[in-house]
Amino acid sequence: MSASSEQVRKEHFRQMNAFKDDPAYRTLDGYEDRVAFFAKTVGRRWEIDAAIYDDALNILPPLGWRGDTFYMREFLFDDITHKFSREGDRYFCEVAFYPPRPGPRANPAPIDNPEP
12 MSASSEQVRK EHFRQMNAFK DDPAYRTLDG YEDRVAFFAK TVGRRWEIDA
62 AIYDDALNIL PPLGWRGDTF YMREFLFDDI THKFSREGDR YFCEVAFYPP
112 RPGPRANPAP IDNPEP
């Protein structure tokens with residue numbers, strides 16, 4: 012028997028906020044502790060449904076959109092956010108590092124700016 016839409020939604024939000032139930036979360040002290048704590052959650056993945064995927068897509072403009080995968084613009088901490096993906100007819104949410112953006116492109120030829 013498959014889960015109802017409401018059960019899937021409830022489980023999704025439980026998974027997204029699971030860090031709040033971890034006793035270690037309540038004792039974090041400082042930036043490095045938080046980075047280490049949230050880095051341990053990266054890779055946690057669970058199945059969602061199309062409605063949750065669409066909701067996430069329409070909350071804020073997505074980051075890093077590629078094919079059927081995008082990252083949530085709201086970050087958990089530092090460069091850690093949620094990644095949403097579609098694989099065939101299945102949908103997933105995952106705690107993930109947001110890929111670093113490439114640096115600015117160097118201009119191959121300097122522009123001559125004659126003095127006025």
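With this note's numbering applied, the sequence shown covers 12 to 127.
Each residue gets a CB set at the ideal place from its N, CA and C atoms; glycine is no exception.
One Cα belongs to SER96, the other to THR38, and the distance between them is close to 32 Å. The Cβ-Cβ distance between TYR109 and THR92 falls below 8 Å.
ARG84 places its beta carbon 8 Å or farther from that of LEU68. Take GLN26, set aside five residues on each side of it, and the residues of its chain with a beta-carbon closer than 8 Å to its own are ARG55, TRP57 and CYS104, in chain order. Residue environment analysis places TYR102 among the buried positions, since at least 16 neighbouring C-beta atoms fall within 10 angstroms of its C-beta.
Of the residues assessed, TYR82 falls on the buried side of the cut-off, its CB having 16 or more other CB atoms within 10 angstroms. Residue pairing from DSSP places LEU74 in a beta bridge opposite TYR82. In this structure, the alpha-carbon of ASP60 lies about 20 Å from that of LEU74.
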